[in-house]
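Peer 1:
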Amino acid sequence: MIAIFIYNILLIILYSITMTFAIYSYLKEKNKLFLWISLYLAFFIFDNTIIYMTEFLNSFAQSYDQAFMSAPAVKTIIFMGNAFFSISILAELHKEKLSPLHYTLLIVLAIWMITTPLMENSAFKVWLYYLGNQLFLFYLGIYCWQGTKKKLPLLNKHYLKQLMIINLFFSILIIIEDSFVIFNVDQYSSLATKIYNRSISEDIFSIVVCILLLHFFIKERQPQEEKPQEQDASLLIQNFCRIHQFTQRETEIFALLLSHQTNQEIADQLFLSLGTVKTHVHNIFIKLEIKKRTQIMILFEKYKETHEAAA
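What follows is the structure, given as C-alpha cells:
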C-alpha cells in the first residue's frame, strides 16, 4: 500500500509541475493552447485523485463502484472533459477552430457514455462504456496524422507526429488492457461489485504526455545558448528596446522583425495569433515613430554605430 501511495503522489506531482508550466505560459502569453493544456492536466489530477480514493477508502470505493454501474457521472465528466480539451489542443496545433465534425463526435461520445450504463449490468456493458473513449483517442491519432500532411510550422508538425504515434498506440493498448481486466479481474455479480479502477496503460499514457509537454516547455520554449557575437547582438537589442520602453513581448517581436520575418512567421514561432502580432508591431512603429518595416533596420543600425563609436 505504501508503494501505491508513493506512486499516486509522484503522479500528482508530475501532473502539477507540468500544469504549472502551462498556466505560467498562458498567463504570460494569453494563448488558448496553454489554457487547454492546463485544463487537460487538471482533469488528469482530478481523475487520479478519484482513483486514489477508491484504492485507500473502502467505503468510498464501494459507493463509487455501485454508482458507476448505474450512473457513472464522475467518470463521464472526466472522459468528456479530456475529450474536449484534447481535441481543442490538437485544433490549436492545426491552427484551426473546432469543426462541425469535432462537435458531432463529442456529442456522439456523450450520448454513448450516457446510454451505455442503461444496459443490464455486465462486464460487457463496462467494456462497451470504456470503448467509446478509446475509439475517440484513436480518432485523435488520425486527426494528428492529417495535420502532418498540412502546411504548418515545422514545430507544430513535429509534435503532431509525436502525438499521432502516442494516441494510436495507447488507444489500442488501453483496449487490450481493459479487455483483460474487465472480463478476468473485475467482479460484476449482483452480490458484490469490485472494479479495478486504475488502468496502467492510461497512467503510462498520461506520463508520456507530461514528458512530451515538459520537453516542449523546457527545451523548445527556452532560448538556446548563444555564442559571444550573438550575445553582444542580443544585448544591443535589449538596450535599444529598453530605451524605447518596449514591453518584453514587443522586444521578442522586434528581434524577429530585425531578421526580416513576416507577421505570420512571428506568430507561428511565438505561438501567438496573427492579430496579436499585428497589434504589437503597430505599437513598435508608434514608439519608434516610423511607418515602414525598412525603417526598423535603419534605426537599429544607427543605434549600433553610435554604440560602437562610444565604445
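Quick note: the sequence shown, position 86, residue 86 per full-length UniProt numbering, numbers continuous.
Here a beta-carbon is modelled for each residue, glycine too, at the ideal position from N, C-alpha and C.
In chain order, what residues of the same chain lie with their CB nearer than 8 Å to the CB of K194, ignoring the 5 residues before and after it?
Peer 2: The sequence position of residue 194 within the sequence shown is 194, counting from 1. Excluding sequence neighbours, K194 sits near D65, D186, Q187.
Peer 1: Considering R249, what are the terminal residues of the alpha helix (DSSP H) in which it resides?
Peer 2: Here residue 249 refers to the residue found at position 249 of the sequence shown. Per DSSP, R249 belongs to the alpha helix (DSSP H) from 248-258.
Peer 1: Grab me the residues of N156's own chain with a C-beta within less than 6 Å of its C-beta, minus the 5 sequence neighbours each way, in chain order.
Peer 2: To locate residue 156, count along the sequence shown from 1; it is residue 156. So the list reads L93, once near-sequence residues are dropped.
Peer 1: Ordered along the chain, which non-local residues of its own chain (more than five positions away) have a Cβ less than 7 Å from that of Y143?
Peer 2: Along the sequence shown, one-based indexing puts residue 143 at 143. Here the set comprises L90.
Peer 1: How many Å lie between E214 and L33 at the Cα?
Peer 2: For the purposes of this step, residue 214 is taken as residue 214 along the sequence shown, with counting starting at 1. For the purposes of this step, residue 33 is taken as residue 33 along the sequence shown, with counting starting at 1. Note that residue 214 is Leu in the sequence shown, not Glu. Each residue's alpha carbon lies about 15 Å from the other.
Peer 1: Quick check: the stretch 117-136 against the stretch 54-62, are at least 3 beta-carbon pairs closer than 8 Å?
Peer 2: no
Peer 1: Could you tell me which of W127, V209, F183 sits nearest to L160, measuring between CA atoms?
Peer 2: The sequence position of residue 160 within the sequence shown is 160, counting from 1. The option with the nearest alpha carbon to L160 is V209.
Peer 1: Quick check: the Cα distance between E226 and F217, rounded to an integer number of angstroms?
Peer 2: Within the sequence shown, residue 226 is the residue found at index 226, counting from 1. Within the sequence shown, residue 217 is the residue found at index 217, counting from 1. Residue confidence for E226 is low, a pLDDT of 43 falling below 50, so the modelled location carries little weight; the figure read from the coordinates is stated next. Each residue's Cα considered, the two are about 19 Å apart.
Peer 1: Can you give me the C-alpha to C-alpha distance between L57 and F136, rounded to a whole angstrom?
Peer 2: For the purposes of this step, residue 57 is identified with residue 57 of the sequence shown, where counting begins at 1. For the purposes of this step, residue 136 is identified with residue 136 of the sequence shown, where counting begins at 1. One C-alpha to the other measures close to 31 Å.
Peer 1: Short of 7 Å in beta carbon distance, which residues of its chain neighbour F300, apart from the five on each side in sequence? Order them along the chain.
Peer 2: Mapped onto the sequence shown, residue 300 falls at position 300. The answer, listed in chain order, is F240, L258.
Peer 1: If you measure between the beta carbons of Y130 and L105, is that distance less than 9 Å?
Peer 2: For the purposes of this step, residue 130 is taken as residue 130 along the sequence shown, with counting starting at 1. For the purposes of this step, residue 105 is taken as residue 105 along the sequence shown, with counting starting at 1. Cβ distance not < 9 Å, so Y130 and L105 don't count as in contact.
Peer 1: By the 10 Å Cβ neighbour count, where 16 or more other Cβ atoms means buried, how is P72 classified, buried or exposed?
Peer 2: Counted from its first residue, the sequence shown places residue 72 at position 72. Burial call: buried.
Peer 1: Quick check: what's the CA-CA separation for I296 versus I290?
Peer 2: Residue mapping note: residue 296 aligns to position 296 of the sequence shown, counting from 1. Residue mapping note: residue 290 aligns to position 290 of the sequence shown, counting from 1. About 8 Å.
Peer 1: When DSSP builds the beta bridges, which residues end up paired with K278?
Peer 2: Numbered from its first residue, the sequence shown carries residue 278 at position 278. DSSP lists no partner for K278.
Peer 1: Determine the DSSP secondary structure at K151, reduced to helix, strand or coil.
Peer 2: Counting from 1 along the sequence shown, the entry for residue 151 is found at position 151. Residue state, collapsed to three classes: coil.
Peer 1: Between I45 and Y15, which are expected to be in contact by the criterion C-beta below 8 Å, what is the C-beta distance as a whole number of angstroms?
Peer 2: Looking up residue 45 in the sequence shown gives position 45. Looking up residue 15 in the sequence shown gives position 15. About 5 Å; that satisfies the 8 Å criterion.
Peer 1: Less than 8 Å between C-beta atoms, sequence neighbours within five positions excluded: which residues of the same chain meet that for Q229?
Peer 2: By one-based count along the sequence shown, residue 229 stands at place 229. Caution applies to Q229, whose pLDDT of 49 falls short of 50 and renders its modelled position unreliable; the value that the coordinates give is listed next. Once the five neighbours on either side are set aside, Q229 has no close Cβ partner at all.
Peer 1: Going by the DSSP bridge assignment, what does K194 pair with across the sheet?
Peer 2: Numbered from 1 along the sequence shown, position 194 holds the residue referred to as residue 194. In the DSSP output, where bridge partners are listed per residue, K194 has Q187.
Peer 1: In this structure, does DSSP put K30 in helix, strand or coil?
Peer 2: Walking along the sequence shown from the start, residue 30 turns up at place 30. K30 falls in the coil class under three-state DSSP.
Peer 1: Go through its chain and collect everything with a Cβ distance to Q224's Cβ below 8 Å, but skip five positions before and after it.
Peer 2: As a working note, residue 224 is residue 224 in the sequence shown. Its pLDDT being 46, under 50, Q224 is placed unreliably in this model, and the coordinates cannot settle the point.
Peer 1: Excluding the 5 residues preceding and the 5 following R249 in the sequence, name in chain order all residues of the same chain whose CB lies nearer than 7 Å to its CB.
Peer 2: Counted from its first residue, the sequence shown places residue 249 at position 249. Only H280 meet the Cβ criterion.
Peer 1: What is the DSSP secondary structure of I290, counted as helix, strand or coil?
Peer 2: Within the sequence shown, numbered from 1, the residue matching residue 290 stands at position 290. Three-state DSSP puts I290 in coil, outside helix and strand.
Peer 1: In or out: V181 buried (at least 16 other Cβ within 10 Å) or exposed?
Peer 2: What you label residue 181 is simply residue 181 of the sequence shown in a count that begins at 1. Burial call: buried.
Peer 1: Would you tell me roughly how many angstroms separate the C-alpha atoms of I200 and I12, rounded to the nearest one?
Peer 2: Here residue 200 refers to the residue found at position 200 of the sequence shown. Here residue 12 refers to the residue found at position 12 of the sequence shown. The straight-line gap from Cα to Cα measures roughly 15 Å.
Peer 1: Are the CB atoms of T251 and Q264 within a distance shorter than 9 Å?
Peer 2: As a position in the sequence shown, residue 264 is number 264, starting the count at 1. As a position in the sequence shown, residue 251 is number 251, starting the count at 1. Contact: no.
Peer 1: CB M113 to CB N133, shorter than 9 Å?
Peer 2: For the purposes of this step, residue 113 is taken as residue 113 along the sequence shown, with counting starting at 1. For the purposes of this step, residue 133 is taken as residue 133 along the sequence shown, with counting starting at 1. Yes.
Peer 1: Taking only the alpha-carbon atoms, compute the straight-line gap between L128 and N48 and give it to the nearest angstrom.
Peer 2: Taking the sequence shown and counting its residues from 1, the one referred to as residue 128 is at position 128. Taking the sequence shown and counting its residues from 1, the one referred to as residue 48 is at position 48. Between L128 and N48, the C-alpha separation is close to 22 Å.
Peer 1: Looking only at its own chain, which residues have a Cβ that is under 7 Å from the Cβ of N82, when we skip the five neighbours before and after it?
Peer 2: As a position in the sequence shown, residue 82 is number 82, starting the count at 1. Contacts found: Y40, F43.
Peer 1: Please state the DSSP three-state secondary structure of P72.
Peer 2: Position 72 of the sequence shown, counted from the first residue, corresponds to residue 72. Coil, per DSSP.
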